[in-house]
Structures are given as C-alpha cells and as structure tokens.
Amino acid sequence: MKQTRIEELVGRAREIAAAVIAPNVEEEDRDALWPAPAMRALAQAGLMGLHVPVELGGHGQGLAGLLAIAQVLARESPSAALCYAMHCVGTAVIAAKATPFQQEAYLEPIARGEHITTLALSEPGTGSFFWLPETRLDAAEGGFRVTGTKSFVTNGGHASSYVVSTAAEDELQDEGSFSCVVLDAELPGLRWEGAWAGLGMRSNSSRTLHLEGVPLRPDHLLGAQGDQLWYVFEVVAPYFLMAMAGTYLGVADASLEVAREHLRTRRQSHSGELLGSNPLLAHRLGALWTELERTRRLVESAAARADAREADALLGVLACKAAAGDTAVELANEAMTLCGGAGYRENGKLARMLRDARAAHVMSPTTDLLKTWVGRALLGQPLL
Ligand SMILES: Cc1cc2nc3c(=O)[nH]c(=O)nc-3n(C[C@H](O)[C@H](O)[C@H](O)COP(=O)(O)OP(=O)(O)OC[C@H]3O[C@@H](n4cnc5c(N)ncnc54)[C@H](O)[C@@H]3O)c2cc1C
Numbered sequence: 000m001k002q003t004r005i006e007e008l009v010g011r012a013r014e015i016a017a018a019v020i021a022p023n024v025e026e027e028d029r030d031a032l033w034p035a036p037a038m039r040a041l042a043q044a045g046l047m048g049l050h051v052p053v054e055l056g057g058h059g060q061g062l063a064g065l066l067a068i069a070q071v072l073a074r075e076s077p078s079a080a081l082c083y084a085m086h087c088v089g090t091a092v093i094a095a096k097a098t099p100f101q102q103e104a105y106l107e108p109i110a111r112g113e114h115i116t117t118l119a120l121s122e123p124g125t126g127s128f129f130w131l132p133e134t135r136l137d138a139a140e141g142g143f144r145v146t147g148t149k150s151f152v153t154n155g156g157h158a159s160s161y162v163v164s165t166a167a168e169d170e171l172q173d174e175g176s177f178s179c180v181v182l183d184a185e186l187p188g189l190r191w192e193g194a195w196a197g198l199g200m201r202s203n204s205s206r207t208l209h210l211e212g213v214p215l216r217p218d219h220l221l222g223a224q225g226d227q228l229w230y231v232f233e234v235v236a237p238y239f240l241m242a243m244a245g246t247y248l249g250v251a252d253a254s255l256e257v258a259r260e261h262l263r264t265r266r267q268s269h270s271g272e273l274l275g276s277n278p279l280l281a282h283r284l285g286a287l288w289t290e291l292e293r294t295r296r297l298v299e300s301a302a303a304r305a306d307a308r309e310a311d312a313l314l315g316v317l318a319c320k321a322a323a324g325d326t327a328v329e330l331a332n333e334a335m336t337l338c339g340g341a342g343y344r345e346n347g348k349l350a351r352m353l354r355d356a357r358a359a360h361v362m363s364p365t366t367d368l369l370k371t372w373v374g375r376a377l378l379g380q381p382l383l
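Just so you know, the sequence shown maps onto residues 0 to 383 in numbering that gives the first Met the number 0.
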C-alpha cells in the first residue's frame, strides 16, 4: 500500500475548512455546539486515520502531518481543530503498541472514518498534573473495573471510545506510574455531566465524565500495566503538544490575516488614505509577522526533528506549545488593536480568536509547566 502525500491530505483539510467549517463556526461558537459537520466531512475525506499505519488502511503520518492539518483547520475554527487533534492523539496512543485485537477493533474502523476516539487524562483533583491520575483500575472478575472522574474530555459524548489514564493500587504509591485503557462509549458506568461552555474554545464538548465501576476486559489495556510514563513522553506529549502548537499557530495566522486585510482596505475619510500607508501601523504588522514566522519555524523544526527521532528533539517539542500559545495570544490581541472598533465587534472573528487563544495557557501541560520543563531539561534535571 502507498502512503498518501501530506500535501494531498492538507489540501483536503483546506477544502473542508473553507466549505464546511467556515460557514458554521459563528453559530457553533455562539451555541457551544460540537462541530459535527466538520468531523463528518473529515471522516468522508479519509482524514481520520492520519496516524493509523498504512497497512491497516491509514496514512501512517507523524507529527509534521498533524501540525499541518491542525493549522489549516484552526484558521477557521480552533475548536474543530481541537476535536480532530484529540482524536488523532488518542489514535496515536492506541497505535503505539496496538495488539491484533486493538488493530481490528479500533485502528481499522478509525481509518475507515467509522470511529472517533479521544484522550481523557485530566482530572478535577490533580488538574494540570495530568500524569497523576486518581482514577482507579481494580482487578475484577473477567478483567478490571475503572472508577474515577475525568474533566474536560474533548469530543465528550460524541466519541466512540475514550483513551483513559488510570492507576492500580500499587501504581498509586509510585508517582507517575499509571496505565492507559481504551473504553468503549457504550459500556455501562459512563455518566456525563452537562454541556461545556467556556469563555473560548466553546465548540468542542469538553465535558466531565464519571466512571462508575466501568467493566473492562484485559484486551482493552494499552501496552503493559504501568507502561504509561513511556507513553507520556514518547506519544502523548509529542502528539498532543504538536496538535496544540498547530492549533494556536492557526489562531495566530488567522489573526494576522484579519489585521492585514483591515490595514489594506480601511480608508479614513479625513485623509483619504489607507491605514496601511501609516508607517507605524505597517511597522506593527511587520513585527507580528516576524513573531509568527519565528514561532512557526521553531514548531516545524521540532516536528521534523521528533519525526526523525533525533536524540535531543524533546526540547523543541516541549517548547512548541508554549511558544505557539504566547504567539496566538499576542497576535490576536495586537490584531484587535490594529483593527479598531471593527476588530472589537462582538463575536467577530478576532473576538473569537482572542477568546480561543487564551485557552492555550490553561490547557495542560500549561505554558508555565512547559517552560519549567524546558529549563529543567537544559539543567539536566528530571522533568517531573
Ligand atoms: C477547552 C479545553 C479542552 C480540554 N480538553 C482536554 C482533553 O480532551 N483531555 C484532557 O485530558 N484534558 C483536557 N483539558 C484539560 C486541561 O488540560 C486542563 O485545563 C488542565 O488539566 C488544567 O487543570 P486545572 O484547570 O485543574 O488547573 P490547575 O491544576 O488548577 O492549575 C491552575 C494554574 O496553576 C498552575 N499550576 C498548577 N500547579 C502548579 C505548580 N506546581 N507550579 C506552577 N504552576 C502550577 C497551572 O499551570 C495553571 O496555570 C481541556 C481543557 C480545556 C480548557
């Protein structure tokens, strides 16, 4: 089987962003709706199996592919990019050590566009310390029972399966040691709390999920029990961080474009001149482009080096989400100033982008944690 070129996949994503995502984004943001049309179109275009191996019907793409597609989707809707990206990260976690059962039950349906998965790590208790789950994995007849609460589960209530972190009793003593399991949506014992509606990033159904003794067969355990610190740094961190870096680069790019268009077309009546002919405003626009380009180069280099499995790739991977988050907030904020009252319009594109950009700093690993990890890595200290 032949691998589809990433340019071809990005082209399909670009068409969906223009034809399906853009017309729906305002309503989805206003009413905090999960982006069903976008997810359907992405499935129909064969994009859901981005990280499924080619021999199982997928595209076998790595971090650079995820980065490119997340950017394209996020330029129109950061929430749709988040929903797609969390499906991709969940897929990558399943694919990392998939058994023949997991290949058939999850990866092949994902590649056919028939199955959405997603990642449920965060918990209300341990918050941004997502590698310390308190959700319990107890031995039971026929396998295990899973009990606990997961917060902010993106695609919540819409996915077919959930990749969940849990800890057996002996793992609770050992910080950072936990297990990952994949739970089918129709299992008994999954109870959802109400709808998610944030300040920004509103249309992704990031809901709280209670797991009330969910019965689980051993073949739903991902990798070996206690394998998860390996997953955190080898799979979850690189894929999640790259997905988020792509999403926030898309926010920054869209914001710059709105500002550029405003300066190119807004003519004041007293002078008869375009705003863009003012050197101060042109200078400010140029500075924003430079900031975006610098961050994009950092992120693209991190993705390429991690895909090539270069030894010191982790530093760039850790830095990329924090840098893209800073850039997104700065560009959305500055673009709003450049666009004046037009930019400040309620629920206008810039208002949405600014609200969405702010989520970057509170989503784990948070900007503060990531910068600390980069510093620790430089000092040769353990990250956690
Ligand atoms: C839109 C959205 C979608 C999400 N989707 C998902 C998802 O699909 N799956 C998932 O698992 N999670 C998801 N999350 C969860 C997200 O990662 C959480 O917001 C994150 O875990 C933060 O948890 P918290 O709110 O409890 O923050 P807290 O842990 O209360 O932290 C609050 C602040 O304090 C800082 N802080 C905390 N401890 C320290 C410390 N020791 N040193 C320095 N600073 C510290 C943090 O950096 C943060 O800025 C999503 C969140 C959002 C907003």
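Cβ atoms here follow ideal geometry from the backbone N, Cα and C, with glycine treated the same way. These numbers were taken from a predicted model, which means no experiment stands behind them.
Taking Cβ positions, are Ala158 and Thr207 nearer each other than 7 Å?
-> In the sequence shown, residue 158 corresponds to position 159, counting from 1. In the sequence shown, residue 207 corresponds to position 208, counting from 1. Contact flag unset, no.
Return yes when the C-beta of Gly89 is under 6 Å from any heavy atom of ligand 2, and no when it is not.
-> Among the ligands in the structure shown, ligand 2 does not appear; only ligand 1 can be found there.
Output the distance between the C-alpha atoms of Ala35 and Pro237, rounded to the nearest integer angstrom.
-> Position 36 of the sequence shown, counted from the first residue, corresponds to residue 35. Position 238 of the sequence shown, counted from the first residue, corresponds to residue 237. The straight-line gap from Cα to Cα measures roughly 26 Å.
From the DSSP output, which residues share a beta bridge with Gly193?
-> For the purposes of this step, residue 193 is taken as residue 194 along the sequence shown, with counting starting at 1. Answer is none; Gly193 lacks a bridge partner.
May I ask you to list the residues that DSSP assigns as paired with His209?
-> The count along the sequence shown starts at 1 and reaches residue 209 at position 210. Answer is Thr148 and Arg190, bridged to His209.
Consult DSSP for Ala310 and reduce its assignment to one of helix, strand or coil.
-> Translated into the one-based positions of the sequence shown, residue 310 becomes position 311. DSSP places Ala310 in coil when its eight states are reduced to three.
Three-state class that DSSP yields for Val386 in the structure shown | With the chain represented from 0 up to 383, any question about residue 386 goes unanswered, as that position is not in the structure.
DSSP three-state call for Gly142: helix, strand or coil?
-> Translated into positions along the sequence shown, residue 142 becomes position 143. Note: Gly142 maps to strand in three-state DSSP.
Have a look at Ser76, Gly56 and Ala95 and flag the residue whose alpha-carbon is nearest the alpha-carbon of Val235.
-> Indexing the sequence shown from 1 puts residue 235 at position 236. Of Ser76, Gly56 and Ala95, the residue nearest in Cα terms is Ala95.
Contact under 7 Å by Cβ, Leu106 with Val51 | Stepping through the sequence shown from its first residue, residue 106 is reached at position 107. Stepping through the sequence shown from its first residue, residue 51 is reached at position 52. Cβ atoms of Leu106 and Val51: closer than 7 Å.
Taking 8 Å as the threshold, find out whether the stretch 347 to 359 comes into contact with the stretch 178 to 195 through three or more Cβ pairs.
-> no
Which word fits Phe129, buried or exposed, when buried means at least 16 other C-beta atoms lie within 10 angstroms of its C-beta?
-> By 1-based counting over the sequence shown, the position of residue 129 is 130. The residue is buried, with at least 16 neighbouring Cβ atoms inside 10 Å.
Under a three-way DSSP split, which group does Val51 fall into?
-> As a working mapping, residue 51 is identified with position 52 in the sequence shown. DSSP places Val51 in coil when its eight states are reduced to three.
State the beta-bridge partners of Thr125 as determined by DSSP.
-> Indexing the sequence shown from 1 puts residue 125 at position 126. Paired residues: none, contrary to the question.
Counting pairs of beta carbons, one from the stretch 359 to 368 and one from the stretch 337 to 344, are three or more of them closer than 8 Å?
-> no
Under 7 Å between the Cβ atoms of Met241 and Leu62?
-> Taking the sequence shown and counting its residues from 1, one reaches residue 241 at position 242. Taking the sequence shown and counting its residues from 1, one reaches residue 62 at position 63. In contact: Met241 and Leu62 (Cβ atoms closer than 7 Å).
Taking C-alpha atoms, which residue in Leu220, Asp28, His282 and Ala67 lies nearest to Pro99?
-> By one-based count along the sequence shown, residue 99 stands at place 100. Of the candidates Leu220, Asp28, His282 and Ala67, the one whose C-alpha sits nearest the C-alpha of Pro99 is Leu220.
Starting from the Cα of Asp218, find the closest Cα among Val180, Leu210, Gly245 and Ser205 and give me that residue.
-> Residue numbering aside, residue 218 sits at position 219 when the sequence shown is read from its first letter. Per the Cα distances, Val180.
Whole angstroms is fine: what's the gap from Thr294's alpha carbon to Ser268's?
-> For the purposes of this step, residue 294 is taken as the residue at position 295 of the sequence shown. For the purposes of this step, residue 268 is taken as the residue at position 269 of the sequence shown. Going from the Cα of Thr294 to the Cα of Ser268 covers about 37 Å.
Spatial neighbours of Thr153 within its chain, please: CB distance less than 8 Å, with the 5 preceding and 5 following residues excluded, ordered by chain position.
-> Start at 1 with the first residue of the sequence shown, and residue 153 comes out as number 154. Cβ neighbours of Thr153 beyond the five flanking positions: Leu81, Cys82, Met85, Thr117, Leu118, Asn203, Ser204 and Ser205.
When the Cβ atoms of the stretch 306 to 320 are set against those of the stretch 266 to 283, are three or more pairs found closer than 8 Å?
-> no
List the residues that DSSP assigns as beta-bridge partners of Ser160.
-> In the sequence shown, residue 160 corresponds to position 161, counting from 1. Beta-bridge pairing links Ser160 to Thr116 and Asp183.
Taking the continuous alpha helix (DSSP H) assigned at Gly271, which residues delimit it?
-> Translated into the one-based positions of the sequence shown, residue 271 becomes position 272. Looking at the DSSP string, Gly271 is not in any alpha helix (DSSP H), and its letter there is neither H nor E.
Is the CB-CB distance between Gly147 and Glu133 below 7 Å?
-> For the purposes of this step, residue 147 is taken as the residue at position 148 of the sequence shown. For the purposes of this step, residue 133 is taken as the residue at position 134 of the sequence shown. In this structure, Glu133 lies closer than 7 Å to Gly147 by Cβ.
Taking the alpha helix (DSSP H) that Lys370 falls in, what are its first and last residues?
-> Residue 370 sits at position 371 when you count from the first residue of the sequence shown. Element bounds for Lys370: Thr366 to Leu377.
Ligand 1 heavy atom lying under 6 Å from the CB of Met85 = Position 86 of the sequence shown, counted from the first residue, corresponds to residue 85. Yes.
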